[in-house]
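Enquirer: Numbers given in the numbering used here equal positions in the sequence shown, counted from 1, plus 176. Ideal placement from N, C-alpha and C gives every residue a C-beta, glycine not left out.
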Amino acid sequence: MNECTRIDVAELDRGELEHALEGLGHERFRGRQIFRWVYRQGVPDFARMTDLPLDLRAELARRFTVSTPAIAHRDESSDGTNKFLLELADRRHIEAVYIPDTPAQTLCISTQVGCAMRCAFCLTGKMGMVRNLTAGEIAAQVRLLTHELDLVEGGFNVVLMGMGEPLHNYDATMKALRMLADPYALGLTPGRVTLSTVGVLPALDRLATEPFMPNLAISLHATTEEMRDRLVPVNRKYGLADLVEACRRFPLKRRERITFEYVLLDGVNDTPQDARRLVKLLHGVRAKVNLIPLNEAPGIPFGRPSDARVDAFAEALAERGITVSVRKSRGRDIRAACGQLIVEGTFPSPAQRVAALL
Ligand code: SAH
């Protein structure tokens, strides 16, 4: 049997794996054992699954595989942040970032190769959309990095803030979270996961009905429809007013709040009027605001405001009763910070661009 016809355990939730095993005449509990090896022990190699009978191991190796991305490159920042360039089976690349001691250990993972949202200040948006990641590719980032960094025992958080828009790849993202949450996998709890989104409204309403409900972060970035149309183009389809309304009805547990991310762009969306409008906009929403001073990059036509301007904006929110934090930029020296994830070499070459025009 060749590689293509093997069943990929990385793409299955435990129920699906158990079903596949049953179909081959094996007992369901083998699925739990395999999950434990793959996720808890970080061993994707059937031959090394020592609590399985030898003949089963041999059969599994013939019929199944566990695709795992390869670490093509790893950069370590002076602040301890690690950026991993991962190569997928089709040779596409994505990035995943480890941010230590925030105080939690945090893994920032990708949901797409590239991104279709094209936010005006984000480098990933410049790549455009290449393809969705599969559930297995999303979960594998966590599986791989937790073992690489020895995080399984101590606990870790996951933020869906890498490349891509998670609500634009809804089914794969939610399936990946279910796989990681499995008690025989990593037992990831919803409270340890944050899903960040520009607010794809139909998907946001669907998220509101999920049994596995991660913390929600909304990439807001503007206080008027006009400005958000410009900065976050999906706003032309799902506008600011409707987005905030969807947040108002989003089910939150006691004491839970929605985080609103707001990238501060010098002289663009960081004025005292913006601060006042933001307070008004969030009235009646259980919100906290996370300010992200722009991480500048070549090709991004905006500047980072001065610390004084950032402080003034934060202060203006705080004195009107909004809980506000300023995101410390991590890993900027290795281009691992927010909005800096891009896989070099994915821009079309000048020749390709000319070819596309013809
Ligand atoms: N697509 C999702 C997930 C990406 S999260 C979303 O947009 O929420 C990445 C976060 O970093 C988002 O809040 C994004 O707006 C922010 N970001 C993008 N580019 C940035 C930049 N250059 N500087 C600072 N933050 C940026």
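Going by C-alpha distance, which of A490, L321, H344 is nearest P469?
Expert: Nearest option by C-alpha distance: A490.
Enquirer: Does DSSP classify T181 as helix, strand or coil?
Expert: Residue state for T181 is assigned as helix, using DSSP reduced to three classes.
Enquirer: What separation, rounded to the nearest whole angstrom, lies between the Cα atoms of A393 and V500?
Expert: Annotation: A393 to V500 spans about 13 Å, alpha carbon to alpha carbon.
Enquirer: If we count the other Cβ atoms within 10 Å of its Cβ and call it buried at 16 or more, is A223 buried or exposed?
Expert: exposed
Enquirer: Is V161 a contact residue of ligand 1, with contact defined as CB to any heavy atom under 7 Å?
Expert: Because residue 161 is not part of the residues shown, which for the chain are 177 to 534, the question remains open.
Enquirer: Do A398 and N445 come within 8 Å of each other at the CB atom, strictly closer than that value?
Expert: yes
Enquirer: Helix, strand or coil, according to DSSP, for F436 in the structure here?
Expert: strand
Enquirer: Whole angstroms are fine: how far does the CA of L416 sit from the CA of E341?
Expert: 17 Å
Enquirer: Taking T349 as the reference, which of I314, D326, R190, D358 has the closest Cα?
Expert: I314
Enquirer: CA-CA distance, L467 and E437?
Expert: 6 Å
Enquirer: What whole-angstrom Cβ distance do P245 and L262 have, given they're in contact under 8 Å?
Expert: Taking a contact as a CB-CB distance under 8 Å, the pair P245 and L262 counts as one, their CB atoms being some 4 Å apart.
Enquirer: Count the other CB atoms, across all protein chains shown, that sit within 10 Å of the CB of T257; report buried if there are 16 or more and exposed otherwise.
Expert: T257 sits buried, since 16 or more C-beta atoms from the chains shown fall within 10 Å of its C-beta.
Enquirer: What does the alpha-carbon distance come out to for the pair E402 and L364?
Expert: Spanning the two alpha carbons is a distance of roughly 39 Å.
Enquirer: In three-state terms, what does DSSP make of H195?
Expert: If DSSP states are grouped into helix, strand and coil, H195 belongs with the helices.
Enquirer: If I measure Cβ to Cβ from A296 and keep anything under 6 Å in the same chain, skipping five residues before and after, which residues do I get?
Expert: L407
Enquirer: If L336 and I285 are in contact, beta carbons under 8 Å, what's the gap, nearest whole angstrom?
Expert: 6 Å
Enquirer: Using a threshold of 8 Å, state whether the C-beta atoms of D442 and P481 are closer than that.
Expert: yes
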